[in-house]
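Structure first, commentary second.
Residue numbers (the working numbering): 6 to 349.
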């Protein structure tokens with residue numbers, strides 16, 4: 006009923022921009038996406054793991070001990086015990102990941118570190134049976150799962166989750182691999198998994214076409230105003246260009262009561278953006294806003310990558326883009342609440 010209501014409202018109201026298309030509504034077997042933010046994450050992960058029947062793959066930056074992550078570890082071990090082929094890849098830069106691999110291995114899960122110090126496995130993704138996946142910003146820590154502002158997309162059916170799992174398979178075989186998996190997503194125009202360099206390329210393409218609004222969140226960045234070809238500056242330049250042509254551009258930036266270096270870098274970026282017509286706010290310093298999200302007109306991209314050279318060029322990163330009505334509407338509500346409690 007909720008989806009039907011959204012479709013009827015869009016039909017009655019008409020398109021908000023010239024040349025736009027009616028909102029997309031998936032059928033029961035079509036690729037679809039669901040927004041999973043904040044403390045909704047653990048329940049979505051639980052359902053995905055418990056629903057896996059053949060394969061389950063996980064790429065995570067960190068695995069810290071704690072009540073929610075201990076539950077996830079137990080779920081992964083239970084999946085392996087019932088015959089699911091479970092593989093988990095963790096970044097080798099996090100000391101706690103060594104213990105995480107040992108715990109998973111002891112429970113029959115095929116777990117390993119990426120063992121490539123010059124490349125950070127910064128992705129946060131799970132995929133089951135090539136048919137369902139969760140991709141976004143949530144790390145495996147108590148803070149990230151229970152307290153942070155985080156956003157992910159749960160994707161089902163068709164090429165997008167298969168693409169995510171195929172990306173994992175390639176990285177599992179060769180952690181230095183940086184390419185696009187051999188899965189055709191052309192039959193899924195309204196949901197698209199993006200990996201590695203595709204993340205920035207899709208953002209720049211969509212921002213160049215923005216005609217009405219851009220809402221985004223920023224956890225970490227690095228301003229390089231003397232090098233506009235740097236990945237972060239390409240994105241900042243596209244945001245400034247959109248504001249200059251009359252698009253309403255709003256951003257919420259992380260402000261921490263303990264990460265002072267990150268505050269300094271974000272302050273430089275916020276000032277640069279505000280000087281160019283982007284409306285910025287700080288989130289509450291007592292709660293981490295770790296989400297990496299971009300609403301561009303009626304399309305939404307959720308990703309693991311921060312606005313930085315590392316995020317867009319060096320790390321292993323994943324994300325999802327969609328213009329389906331339901332996740333876009335849910336994100337509007339989530340972002341507006343974040344914006345309302347923010348500080349100019």
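Ideal placement from N, C-alpha and C gives every residue a C-beta, glycine not left out.
Identity of the residues DSSP links to residue i by a beta bridge
{"i": "residue 159", "result": "39, 139"}
{"i": "residue 287", "result": "258, 348"}
{"i": "residue 340", "result": "Answer is none; residue 340 lacks a bridge partner."}
{"i": "residue 299", "result": "221, 306"}
{"i": "residue 127", "result": "DSSP lists no partner for residue 127."}
{"i": "residue 145", "result": "68"}
Unbroken alpha helix (DSSP H) run spanning residue i, endpoints
{"i": "residue 87", "result": "No alpha helix (DSSP H) contains residue 87, which DSSP labels as neither H nor E."}
{"i": "residue 105", "result": "101-111"}
{"i": "residue 170", "result": "164-178"}
{"i": "residue 277", "result": "265-279"}
{"i": "residue 252", "result": "Careful: residue 252 lies outside any alpha helix (DSSP H) and carries neither H nor E."}
{"i": "residue 50", "result": "46-56"}
Supposed close pair residue i, residue j - CB separation, criterion 8 Å
{"i": "residue 56", "j": "residue 82", "result": "Not quite, the Cβ-Cβ distance comes to about 16 Å (not below 8 Å), so this is no contact."}
{"i": "residue 278", "j": "residue 240", "result": "About 10 Å separates the two Cβ atoms, so there is no contact after all."}
{"i": "residue 94", "j": "residue 64", "result": "5 Å"}
{"i": "residue 326", "j": "residue 304", "result": "6 Å"}
{"i": "residue 302", "j": "residue 218", "result": "6 Å"}
{"i": "residue 180", "j": "residue 124", "result": "7 Å"}
{"i": "residue 270", "j": "residue 226", "result": "6 Å"}
Residue from the options with nearest C-alpha to residue i
{"i": "residue 352", "options": "176, 344, 197, 296", "result": "Outside the displayed span of the chain (6 to 349) sits residue 352, for which this structure offers no information."}
{"i": "residue 287", "options": "191, 221, 233, 181", "result": "221"}
{"i": "residue 72", "options": "109, 59, 147", "result": "147"}
{"i": "residue 206", "options": "50, 89, 243, 249", "result": "243"}
{"i": "residue 215", "options": "245, 236, 204, 76", "result": "245"}
{"i": "residue 2", "options": "319, 165, 270, 343", "result": "Missing from the structure shown is residue 2; the chain here goes from 6 to 349 and no further."}
{"i": "residue 236", "options": "316, 345, 76, 109", "result": "316"}
For residue i, the first and last residue of its enclosing beta strand (DSSP E)
{"i": "residue 221", "result": "218-223"}
{"i": "residue 117", "result": "115-118"}
{"i": "residue 61", "result": "60-65"}
{"i": "residue 196", "result": "196-200"}
8 Å Cβ cutoff, residue i in contact with chain B
{"i": "residue 109", "result": "Any reference to chain B falls outside this structure, which holds one protein chain only."}
*Cβ contact (3+ pairs, closer than 8 Å) linking the region 255-275 and the region 115-128*: no
*asked:* For the pair the region 139-150 and the region 308-315, tell me if three or more CB-CB distances fall below 8 Å.
replied: yes
*Three-pair Cβ contact test at 8 Å for the region 189-198 versus the region 269-289*: No, they do not touch.
_Segment contact, 8 Å Cβ cut-off, at least three pairs: the region 149-167 with the region 30-42_ = yes
_Meets three-Cβ-pair contact criterion under 8 Å: the region 246-255 and the region 328-337_ = no
*asked:* Using a Cβ distance threshold of 8 Å, determine whether the region 100-109 contacts the region 127-134, with at least three qualifying pairs required.
replied: no
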